[in-house]
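Participant: Residue numbers (this note's numbering), protein chains in the order written: chain B, 1 to 193; chain H, 1001 to 1193.
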DNA sequence: AATTTATGATACATATATGTCCCATAAAAG
DNA sequence: CTTTTATGGGACATATATGTATCATAAATT
């Protein structure tokens, strides 16, 4: 899609978002000068495209959400069951490590910004729906609070990301570990003597 | 213990550490002025006691580690099994929510500071020893990488802390949830048809 | 090819957090 | 009670990130 906006702008924006994702992900106090340099873009251009630092953070946050949405959109269609959807989710999300790192490190900054917080809460609501579907299906225990399950998913993202960074494990193996931990951890105990 | 240091210094230090724990935990870009004010202490006093902001962060980090150590020291003695030690650990650690929040939000700042990083790594090594003990005992699966189990513990701390902040759940219930998720999640599957 | 438009470099203004110094005062220590 | 010592407040210096404005140049759109 050509999109009726100047090609130079699109190029600059892409470079800035990518650089910001990397630098702000690694160190949330990275400077706009650092980001401009990393993006091979003049500092003026950055300020022309994003009025303030918060707007840049917001733009990157939105970008991350779009990535997540794109990666997780078709889960419910492709999955055999509501539970399996979580497996596909881990497989789809773990490769987005840069975006994950950004959202992780974002943390407190997100709470202050209403727009970023809205994004974050929407993600959680989507996961909550998946949890409820799995409960309705009978594959997740109704004893487990939905809020716990949702936060557990986030936590498993975190654990996967950290483990992937420390050890040299590929995303697929991590996704399997995460899903096994998730499902066996809060699955309804089928047959117990 | 009177400790041969002036009573005023001890009082100031305690107030500063407490204020820093709270403010830096909530927003890692809190100002030294903010902290001094919250501690009801002159800014000069803060600078007299801690030469730089990093030193203050370090001091708070050390304080947190001491709290964790104090809370988890007797686990292995009191626990019936290596696995149960994790249950006691969750119960002991979750009430330290301020310290947890600080260490969570610390994140990237810790990696930069060698002393804080050393503290962090030591914590992980201690947990790794507990994991290995539980593996040796046969209550945790040897299939699960120790690194994964360690990061899972951290992740469950995170999930517990977030859930506790969102919902109004008491620490004991959260500890039970976390332990159940942990043990059923990576436990050796006893009898499976 | 002509025109429009984004770019990058530079200079400039500003706010703010950090860190230092000093001194009268108050509170411990002896 | 006397001496020692930490405190708090204020003034001061400094570095640095943010944000603004200008303009010649280069790259797109037409």
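Beta carbons: idealized from backbone N, C-alpha and C, even for Gly.
Since the model is a prediction, treat every value here as computed from it, not as a measurement.
Using only CA atoms, which one of B:18, B:182, B:13 and B:185 lies nearest to residue 99 (chain B)?
Facilitator: Within the first chain, the letter at position 99 stands for residue 99 (chain B). Taking only the C-alpha atoms, the option nearest residue 99 (chain B) is B:18.
Participant: Determine the chain H residues that contact residue 159 (chain B) at a beta-carbon separation under 8 angstroms, and present them in chain order.
Facilitator: On the first chain, residue 159 (chain B) is found 159 positions in, with the first residue counted as 1. Ordered by position in chain H, the residues that pass the 8 angstroms Cβ test against residue 159 (chain B) are 1148, 1151, 1152, 1154 and 1155.
Participant: Within this structure, are the beta carbons of residue 95 (chain B) and residue 184 (chain B) separated by less than 8 angstroms?
Facilitator: Counting from 1 along the first chain, the entry for residue 95 (chain B) is found at position 95. Counting from 1 along the first chain, the entry for residue 184 (chain B) is found at position 184. For residue 95 (chain B) and residue 184 (chain B), no; Cβs fall outside 8 angstroms.
Participant: Just checking, does the region 165 to 181 of chain B make contact with the region 81 to 94 of chain B on the three C-beta pairs under 8 angstroms criterion?
Facilitator: Yes, the region 165 to 181 of chain B is in contact with the region 81 to 94 of chain B.
Participant: On a CA-only basis, which of B:35, B:136 and B:150 is nearest residue 127 (chain B)? Give me that one, please.
Facilitator: Numbered from its first residue, the first chain carries residue 127 (chain B) at position 127. Of B:35, B:136 and B:150, the residue nearest in Cα terms is B:150.
Participant: What's the C-alpha gap between residue 168 (chain B) and residue 1046 (chain H)?
Facilitator: As a working mapping, residue 168 (chain B) is identified with position 168 in the first chain. As a working mapping, residue 1046 (chain H) is identified with position 46 in the second chain. The straight-line gap from Cα to Cα measures roughly 43 angstroms.
Participant: Classify residue 1135 (chain H) as buried or exposed, calling it buried when 16 or more other Cβ atoms lie within 10 Å of its own Cβ.
Facilitator: Taking the first residue of the second chain as 1, we reach residue 1135 (chain H) at position 135. Counting Cβ neighbours within 10 Å, residue 1135 (chain H) comes out buried, since at least 16 surround it.
Participant: Pair every Cβ in the region 100 to 116 of chain B with every Cβ in the region 60 to 70 of chain B, then say whether three or more of these pairs are closer than 8 angstroms.
Facilitator: These segments touch.
Participant: At a CB-CB cut-off below 7 angstroms, which residues of chain B make contact with residue 1106 (chain H)?
Facilitator: What you label residue 1106 (chain H) is simply residue 106 of the second chain in a count that begins at 1. Against chain B, the beta carbon of residue 1106 (chain H) has no neighbour under 7 angstroms; the closest one sits roughly 10 angstroms away.
Participant: Using a cut-off of 8 angstroms between C-beta atoms, extract the partners of residue 177 (chain B) located in chain H.
Facilitator: Along the first chain, one-based indexing puts residue 177 (chain B) at 177. Under the 8 angstroms cutoff, chain H gives 1144, 1145 and 1148.
Participant: Are there three or more Cβ pairs, one per stretch, closer than 8 angstroms when the region 35 to 53 of chain B is compared with the region 2 to 13 of chain B?
Facilitator: yes
Participant: Taking Cβ-Cβ distances shorter than 7 angstroms, what residues in chain H pair up with residue 20 (chain B)?
Facilitator: Position 20 of the first chain, counted from the start, is the residue given in the question as residue 20 (chain B). Residues of chain H passing the Cβ test: none, with the nearest at roughly 15 angstroms.
Participant: Is residue 114 (chain B) helix, strand or coil by DSSP?
Facilitator: In the first chain, the residue the question calls residue 114 (chain B) occupies position 114. Residue 114 (chain B): helix per DSSP, three-state reduction.
Participant: Using only the alpha-carbon positions, how far apart do residue 115 (chain B) and residue 57 (chain B) sit?
Facilitator: Start at 1 with the first residue of the first chain, and residue 115 (chain B) comes out as number 115. Start at 1 with the first residue of the first chain, and residue 57 (chain B) comes out as number 57. Each residue's alpha carbon lies about 10 angstroms from the other.
Participant: Are any of the Cβ atoms in chain B nearer than 8 angstroms to that of residue 1054 (chain H)?
Facilitator: For the purposes of this step, residue 1054 (chain H) is taken as residue 54 along the second chain, with counting starting at 1. Chain B, which has no Cβ nearer than 8 angstroms to the Cβ of residue 1054 (chain H), makes this no.
Participant: When the distance is taken between beta carbons, is residue 1054 (chain H) closer than 8 angstroms to residue 1113 (chain H)?
Facilitator: Sequence index remark: in the second chain, residue 1113 (chain H) carries index 113 (1-based). Sequence index remark: in the second chain, residue 1054 (chain H) carries index 54 (1-based). Contact: yes.
Participant: Could you tell me which chain B residues have their CB closer than 7 angstroms to the CB of residue 1166 (chain H), listed as they occur along the chain?
Facilitator: Working through the second chain from its first residue, we reach residue 1166 (chain H) at position 166. Correct list: 147.
Participant: So which residues of chain H does residue 162 (chain B) contact, with C-beta pairs closer than 7 angstroms?
Facilitator: In the first chain, the residue the question calls residue 162 (chain B) occupies position 162. Going along chain H in sequence order, the residues near residue 162 (chain B) (Cβ under 7 angstroms) are 1151.
Participant: Helix, strand or coil: which one does DSSP assign to residue 74 (chain B)?
Facilitator: Locating residue 74 (chain B) in the first chain gives position 74, counting from the first residue. Coil, per DSSP.
Participant: In chain order, which alpha helix (DSSP H) runs of at least 4 residues are fully inside the region 46 to 111 of chain B?
Facilitator: Segments of the alpha helix (DSSP H) lying fully in the region 46 to 111 of chain B: 53 to 72, 75 to 78, 82 to 93 and 97 to 106.
Participant: Mapping DSSP to helix, strand and coil, what is residue 1151 (chain H)?
Facilitator: If you number the second chain from 1, residue 1151 (chain H) lands on position 151. Note: residue 1151 (chain H) maps to helix in three-state DSSP.
Participant: Counting only beta-carbon separations shorter than 8 angstroms, does residue 1184 (chain H) have a partner in chain B?
Facilitator: To locate residue 1184 (chain H), count along the second chain from 1; it is residue 184. It does: the Cβ of residue 1184 (chain H) has a partner Cβ on chain B nearer than 8 angstroms.
Participant: Step through the CB atoms of chain B and report whether any lies within less than 8 angstroms of the CB of residue 1026 (chain H).
Facilitator: Position 26 of the second chain, counted from the first residue, corresponds to residue 1026 (chain H). Closer than 8 angstroms to some Cβ of chain B, the Cβ of residue 1026 (chain H) qualifies, so yes.
Participant: What separation, rounded to the nearest whole angstrom, lies between the Cα atoms of residue 1034 (chain H) and residue 109 (chain B)?
Facilitator: As a first step, residue 1034 (chain H) must be located in the second chain, where it is residue number 34. As a first step, residue 109 (chain B) must be located in the first chain, where it is residue number 109. Looking at the two C-alpha atoms, the distance is approximately 18 angstroms.
Participant: Can you tell which of B:51, B:36, B:97 and B:50 has the C-alpha that lies nearest to the C-alpha of residue 71 (chain B)?
Facilitator: In the first chain, residue 71 (chain B) corresponds to position 71, counting from 1. For the set B:51, B:36, B:97 and B:50, the Cα lying nearest the Cα of residue 71 (chain B) is the one of B:97.
Participant: Quick one: give me the first and last residue of the alpha helix (DSSP H) that residue 1006 (chain H) is part of.
Facilitator: For the purposes of this step, residue 1006 (chain H) is taken as the residue at position 6 of the second chain. Element bounds for residue 1006 (chain H): n/a, residue is neither H nor E.
Participant: Quick test of your reading: residue 1082 (chain H) and residue 1137 (chain H), contact by CB under 8 angstroms. State the CB separation rounded to the nearest angstrom.
Facilitator: For this step, residue 1082 (chain H) is matched to residue 82 along the second chain. For this step, residue 1137 (chain H) is matched to residue 137 along the second chain. Yes, they are in contact, since the Cβ atoms of residue 1082 (chain H) and residue 1137 (chain H) sit about 5 angstroms apart, within 8 angstroms.
Participant: Give the straight-line distance between the Cα atoms of residue 48 (chain B) and residue 1140 (chain H), rounded to the nearest whole angstrom.
Facilitator: Residue 48 (chain B) sits at position 48 when you count from the first residue of the first chain. Residue 1140 (chain H) sits at position 140 when you count from the first residue of the second chain. Whole-angstrom Cα-Cα distance: 56 angstroms.
Participant: Check residue 169 (chain B) in the structure and name its three-state DSSP category.
Facilitator: Position 169 of the first chain holds residue 169 (chain B). Of the three classes helix, strand and coil, the one that applies to residue 169 (chain B) here is coil, per DSSP.
Participant: If you count every other CB in all the chains shown that lies within 10 Å of the CB of residue 1123 (chain H), and 16 or more means buried, which is it?
Facilitator: Taking the second chain and counting its residues from 1, one reaches residue 1123 (chain H) at position 123. Classification of residue 1123 (chain H): buried, given that the 10 Å Cβ count is 16 or more.
Participant: Tell me which same chain residues have a C-beta within less than 7 angstroms of the C-beta of residue 1078 (chain H), skipping the five on either side of it?
Facilitator: Indexing the second chain from 1 puts residue 1078 (chain H) at position 78. So the qualifying residues of the chain are 1088.
Participant: In the DSSP assignment, find the alpha helix (DSSP H) that holds residue 36 (chain B) and state where it starts and stops.
Facilitator: The residue you call residue 36 (chain B) lines up with position 36 of the first chain. Start and end: 32 to 38.
Participant: Where does residue 42 (chain B) fall in DSSP's three states?
Facilitator: To locate residue 42 (chain B), count along the first chain from 1; it is residue 42. Residue state, collapsed to three classes: coil.
Participant: Are residue 147 (chain B) and residue 1163 (chain H) touching if we call contact CB-CB under 8 angstroms?
Facilitator: Start at 1 with the first residue of the first chain, and residue 147 (chain B) comes out as number 147. Start at 1 with the first residue of the second chain, and residue 1163 (chain H) comes out as number 163. The answer is yes: Cβ separation under 8 angstroms.
Participant: Straight-line CA distance for residue 152 (chain B) to residue 1007 (chain H)?
Facilitator: Numbered from its first residue, the first chain carries residue 152 (chain B) at position 152. Numbered from its first residue, the second chain carries residue 1007 (chain H) at position 7. In a straight line, the C-alpha of residue 152 (chain B) is about 45 angstroms away from that of residue 1007 (chain H).
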